[in-house]
Structures are given as C-alpha cells and as structure tokens.
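Take any residue in the sequence shown, note its place counting from 1, add 39, and you have its number in my numbering. In this text, a Cβ means the ideal position worked out from N, Cα and C, and glycines have one as well. No experiment lies behind these values; they were computed from the predicted model shown. One structure below.
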Amino acid sequence: IEVSYSEVGVALCQRKYTLDILSDAILSDCKPSDSPMDPLVKLDNDKGELLHDPKKYRRLVGKLNYLTITRPDISFAVSVVSQFMSAPRTTHWQAVLHIVRYLKGAPGRGLIFHDRGHLHIAGYSDPDCLEVTGYSDADWAEYPVDRRSTSGYCIFLGGNLVSWKSKKQSVVSRSSAEAEYRAMANVTGELQWIHMLLTEIGFSATRPSTLHCDNKSAMHIASNSVFHERTKHIEVDCHYVREKLNYGELKLVHTRSEEQLADIFTKPLRSGRVSYICHQLGLYDMYAPT
40 IEVSYSEVGV ALCQRKYTLD ILSDAILSDC KPSDSPMDPL VKLDNDKGEL
90 LHDPKKYRRL VGKLNYLTIT RPDISFAVSV VSQFMSAPRT THWQAVLHIV
140 RYLKGAPGRG LIFHDRGHLH IAGYSDPDCL EVTGYSDADW AEYPVDRRST
190 SGYCIFLGGN LVSWKSKKQS VVSRSSAEAE YRAMANVTGE LQWIHMLLTE
240 IGFSATRPST LHCDNKSAMH IASNSVFHER TKHIEVDCHY VREKLNYGEL
290 KLVHTRSEEQ LADIFTKPLR SGRVSYICHQ LGLYDMYAPT
C-alpha cells in the first residue's frame, strides 16, 4: 500500500499492485471500461464453458480481493465473482477481466483521509465529539441462483470513509423491506463496534450515529413498537435496531435513492453513477494530471 502525506491529508493507494494485476492479466494496453461490472450481465452456474485452468481465475480474484483494501468501488463486483471459485466458467472469467479493464482507467485511484484538525468536525460546536455516519442498502433477490439479496454499507468517521462491506445475505428475504432491514441490522452492529473502539482509545462519541436508509418500510419497522406476522421472522433484528434507537445511540434518516452511497456495494451501476459515488466516498486518482 502506497501512503502519501500532504496539507490536505493522508492518501492511500495500490497503484503498483494494480499495474502488476494488469500485467499479469495481459491487459496493460487494453481499452478501459467505465464501470466495474456490466449492469446487463447476470452470472450463474450454468452459462459458459468450464475453464480449463481454474487456478488462474482463483489467483486473479484473490489479487482483486486484496485490492479492495483501498478500492471500495470494486467491492461488489469482486464479491460476485468470488462466488464461483469452485467451478469458474468462461462467463465468470470475462466478468473478472471486466473488473481489470475498469482498473486500467485509473490505476492510481485510492482513498483520501482529509485532515480536519484532530477531533474537530466542521459544523459541531463540541470539538471533542466525533461524527459517525452510515449508509445502508440492499438489492432484493437479485442473485438468480438462489434469490438471496445483497447487503451493502459504508461508514464515515469525521467525514472520512473507514468501513464498508458488500455481502450476500445468508437467508432468502421475502420482501425488499426485509432485505433492507437485515442490511440495516448489519450496519448497526458495525456502528456499535466503532463507537466501542472510539471509547476504548479515549475518544468521545456522545452523539448518536446517523444511519441513512432509502427504504421507508424498513424505517417504519424500526420505529413501530408492535410486532405482527409480517415481521415475526426478523424479530431479533428488529429488537436489536430498535434498542439502539430507544437508547439514543442511533438516529435513522431517510435519504433519496439518488443520494444512497451504499448503492455501489449492492448492484452494478452505470459509469455516471459510479463516478458520483466514488467522489462522495473520497476516492481520487493520486496520479491524475492536474
């Protein structure tokens, strides 16, 4: 990982590692793609022929997985292709190469952590208080093999991205609200862990964490104190999120779908949407000409 310091803050990237991946895939001179994954492509276990050398697939996917340390924009695409490690096919290989071609467009892209003066967060009167903000999203039953949903979240500490995840849910959700609520419970646990970590190392985090969600039904379930048949099967998640709300440790905020930054962790997006979210996440090409 390459680290650089400036008056703006600290920048992390893996440019050399990315260039090595391009070289290994023999795509150093390829035409770059403008998104990590084609929104029109749906991968499954049947389309395409089995690869004669599955080891090359596993090696390349493993390298891409390590690259997600500083490239959250490829997290979803890498999580999808990682699901076919046991018996990769030609369609899966093409999806992996599509990710590599996307990297060719900006091999020096990485995360910037802006310097805001230690504990001071702009807009807060209390200089000893850190702002923790999360975005939660889910793509309902999009995976064609078993119709499980994909959860995704990202968390900002003082305006800088510190945690993110894209993961297929372990059970099938029967509605989009259920899928969104499971994702909400996951990010609530991560927010709680960050609060505990800050407290342990001596930082004050007295303000409640802010969680942005674009599903009003899931937010209503969190606020409604009455359980019924439609929510019985997710009652544990409901109790967990509602407990944090009642204790004042969590604040739910509805956000428009256009402003949902966790979109990039749950579904393939078009180039314009990818560029917008990358900018909001704090991803910049360190080596781009100024």
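Compute every distance between the C-beta of residue i and the non-hydrogen atoms of the ligand NAD, then say whether any falls below 7 Å.
i, result
"S314", "As for the ligand NAD, it is missing from this structure, which has no ligand bound."
Just to check my reading of the structure: residue i and residue j have Cβ atoms closer than 8 Å, yes? What is that Cβ distance to the nearest angstrom?
i, j, result
"T107", "G149", "About 12 Å; that fails the 8 Å criterion."
"M223", "S175", "5 Å"
"M76", "R97", "Not confirmed; about 19 Å, so no contact."
"V332", "V100", "Because the chain is modelled from 40 through 329, residue 332 falls outside the range shown and cannot be assessed."
"N84", "V184", "6 Å"
In terms of residue numbering, what span does the alpha helix (DSSP H) encompassing residue i cover?
i, result
"R221", "S215 to E239"
"S212", "Here S212 belongs to no alpha helix (DSSP H), and DSSP marks it neither H nor E."
"Y141", "T129 to G144"
"M124", "Per DSSP, M124 belongs to no alpha helix (DSSP H) and is neither H nor E."
"A257", "K255 to S262"
Between which two residues does the beta strand (DSSP E) holding residue i run?
i, result
"T172", "V171 to D178"
"V201", "N199 to K207"
"V42", "E41 to Y44"
"S248", "S248 to C252"
"L322", "L322 to D324"
"S190", "T189 to L196"
"I359", "An answer regarding residue 359 cannot be provided, because it is not within the stretch 40 to 329 covered by the chain."
Given a cut-off of 8 Å on the beta-carbon distance, is the pair residue i and residue j in contact?
i, j, result
"L169", "L320", "no"
"L250", "V226", "yes"
"Y220", "I194", "no"
"L103", "I65", "no"
"R54", "P111", "no"
"C69", "R140", "yes"
"F304", "S215", "no"
"L82", "V49", "no"
"S74", "R281", "no"
"G191", "A301", "yes"
"L142", "I60", "yes"
"L89", "A126", "yes"
"L230", "V292", "no"
"P247", "G287", "yes"
"D178", "K290", "no"
"M325", "S114", "no"
"I233", "S202", "yes"
"G173", "P71", "no"
"D253", "S296", "yes"
"K86", "T130", "yes"
Helix, strand or coil, according to DSSP, for residue i in the structure here?
i, result
"L330", "In the structure as shown, the chain starts at 40 and stops at 329, and residue 330 therefore has no counterpart that could be examined."
"K306", "coil"
"V292", "strand"
"T109", "coil"
"Q319", "helix"
"S164", "Any answer about S164 is weak, because its pLDDT of 41 lies below 50 and its placement is not dependable; what the coordinates show is given next. Residue state, collapsed to three classes: coil."
"G101", "helix"
"R186", "coil"
"A301", "helix"
"G287", "coil"
"E282", "helix"
"F242", "coil"
"S314", "helix"
"A327", "coil"
(request) Pick out the complete beta strand (DSSP E) segments inside the stretch 46 to 87, 3 residues or longer, and give them in chain order. (result) 48 to 52
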